[in-house]
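Asker: Below is one structure. I have some questions about it.
Number of protein chains: 2
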Amino acid sequence: MTERDPTLMSGIPELVVLRLLAQREMYGYEIARTLRVLSADALSLGEGVLYPALHALEARGLLCSRPRQVAGRTRIYYQLTSRGRRRLERVAANWRGMSEGVERILGAGAHE
Amino acid sequence: MTERDPTLMSGIPELVVLRLLAQREMYGYEIARTLRVLSADALSLGEGVLYPALHALEARGLLCSRPRQVAGRTRIYYQLTSRGRRRLERVAANWRGMSEGVERILGAGAHE
DNA sequence: TTCTCATACCTTGTTGCGCGAGGTATAGTC
DNA sequence: GACTATACCTCGCGCAACAAGGTATGAGAA
């Protein structure tokens, strides 16, 4: 199955989740917290976004998970698969292209 | 009626259209062309995106339009209203926040 | 004890947006 | 007479983001 592109927009949850997990294994709640901290609240994925996203990503074979008991609580740790790593490169490149495009539009007209 | 935020994502068509029209009056086909050129094809809104977007923006009072006959063809020129101008500031600020957030995530981990 | 807060997971339903695929019409060129 | 560029439009699909809800544990305060 060929991986579809997010055509143009969005896919930010996918992008940032893949990016964080590219560094180290993390569990859902931790991802949410890290995202909030790193982005200074500019990016805060609600749990209604995050968890479904994680499940979808795993179903697509981009992540794999394993549960772990820590202090009586269940955490589900996710890590990137090799497919996930390749996917990250794609969506990151995509983001950059789009982002630069927008910046050019926003910056245009300086020569008025 | 209070203007809703695009919560987190997207709204790029709205953003770039408002931004272009902030500079000068333009018609739909011209907007599409300009977008393609300025962004070096990174941003190309299909007509199935652009025209509905223009209509929606006008319906929300952010644009106003006037038809003009040029060389036997009808062009519909759009320009920003003052509400549109205010809206542009909002969505542009929004974009920057979001964009910087993403960049921080993408750039994170350099200290590994 | 009970209350509340932080941790940690989850699902359901709605909505709106981006998009592809189509459709109309004129002007000019080959 | 066909083809391209200009110039507008609509319908309908799919999906992703979101809000709002739900479960359960552990720790500390009241």
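In order, the protein sequence lines correspond to chains A and B. All letters in the first sequence, in the order written, are residues 3 to 114 by my numbering. All letters in the second sequence, in the order written, are residues 3 to 114 by my numbering. Note that CB positions come from ideal geometry on N, CA and C, so glycine has one too. Just so it is clear, the structure is predicted and the values come from calculations on it, not from any experiment.
For a contact defined as C-beta to C-beta under 7 Å, what are the partners of Arg21 of chain B on chain A?
Answerer: Here the neighbours are Ile107 and Leu108.
Asker: By Cβ distance below 7 Å, which residues in the same chain neighbour Ser46 of chain B in space, the five residues on each side in sequence not counted?
Answerer: Leu37 and Arg38, listed in sequence order.
Asker: Exposed or buried, Arg21 of chain A, counting other C-beta atoms within 10 Å across all chains shown (16 or more means buried)?
Answerer: So Arg21 of chain A ends up on the buried side.
Asker: Give every residue of the same chain whose Cβ lies closer than 7 Å to the Cβ of Arg85 of chain A, excluding the five residues on either side of it in the sequence, and list them in chain order.
Answerer: Result list for Arg85 of chain A: Gly63 and Leu64, in chain order.
Asker: Label Gly48 of chain B either buried or exposed according to how many other C-beta atoms from any shown protein chain fall within 10 Å of its C-beta, with 16 as the threshold for buried.
Answerer: Burial call: exposed.
Asker: Could you check where the alpha helix (DSSP H) with Arg85 of chain A kicks off and where it finishes?
Answerer: Note, Arg85 of chain A: alpha helix (DSSP H), Ser84 to Gly109.
Asker: Exposed or buried, Ala58 of chain B, counting other C-beta atoms within 10 Å across all chains shown (16 or more means buried)?
Answerer: Exposed, since its Cβ has fewer than 16 Cβ neighbours within 10 Å.
Asker: Taking only beta-carbon positions, decide if Val104 of chain B is within less than 8 Å of chain A.
Answerer: For Val104 of chain B, the answer is yes, since a Cβ of chain A falls inside 8 Å of its Cβ.
Asker: Please name the residue, chosen from B:Met28, B:Arg88, B:Leu23 and B:Leu108, that lies closest to Ala95 of chain A on a Cα-to-Cα basis.
Answerer: The residue with the shortest Cα to Cα distance from Ala95 of chain A is B:Leu108.
Asker: Helix, strand or coil for Leu65 of chain A per DSSP?
Answerer: It is a strand residue.
Asker: Following the continuous alpha helix (DSSP H) through Gly30 of chain B, name the residue where it begins and the one where it ends.
Answerer: Residues Gly30 to Leu40.
Asker: Between which two residues does the alpha helix (DSSP H) holding Leu17 of chain B run?
Answerer: Leu17 of chain B -> alpha helix (DSSP H) spans Ile14 to Leu23.
Asker: Using beta-carbon positions only, say whether Pro72 of chain A and Glu16 of chain A come within less than 8 Å of one another.
Answerer: A small correction: the amino acid at residue 72 of chain A is Val; Pro does not occupy that position in the sequence shown. Their beta carbons are not under 8 Å apart, which means Val72 of chain A does not touch Glu16 of chain A by this criterion.
Asker: Determine, using beta carbons only, whether Gly1 of chain B comes closer than 8 Å to chain A.
Answerer: In this structure chain B extends from 3 to 114, so residue 1 of chain B is not present and cannot be described.
Asker: Rounding to the nearest angstrom, what Cα-Cα distance links Ala110 of chain B and Ser41 of chain A in this structure?
Answerer: Approximately 10 Å, taken between the alpha carbons.
Asker: Mind checking if Met100 of chain A is an interface residue toward chain B, Cβ cutoff 8 Å exclusive?
Answerer: Closer than 8 Å to some Cβ of chain B, the Cβ of Met100 of chain A qualifies, so yes.
Asker: Taking only beta-carbon positions, decide if Ala61 of chain B is within less than 8 Å of chain A.
Answerer: Judged by the 8 Å Cβ criterion, Ala61 of chain B is not in contact with chain A.
Asker: So that I know if they touch, is there some Cβ in chain A lying closer than 8 Å to that of Ala73 of chain B?
Answerer: Chain A contact via Cβ: absent.
Asker: Within the 8 Å Cβ cut-off, does Leu45 of chain B reach chain A?
Answerer: Yes - at least one Cβ of chain A is within 8 Å of the one on Leu45 of chain B.
Asker: Would Arg89 of chain A be called buried (16 or more neighbouring beta carbons within 10 Å of its own) or exposed?
Answerer: Per the 10 Å Cβ criterion, buried.
Asker: Who are the neighbours of Val18 of chain B on chain A, taking C-beta pairs under 9 Å?
Answerer: Simply Gly103, Val104, Ile107 and Leu108.
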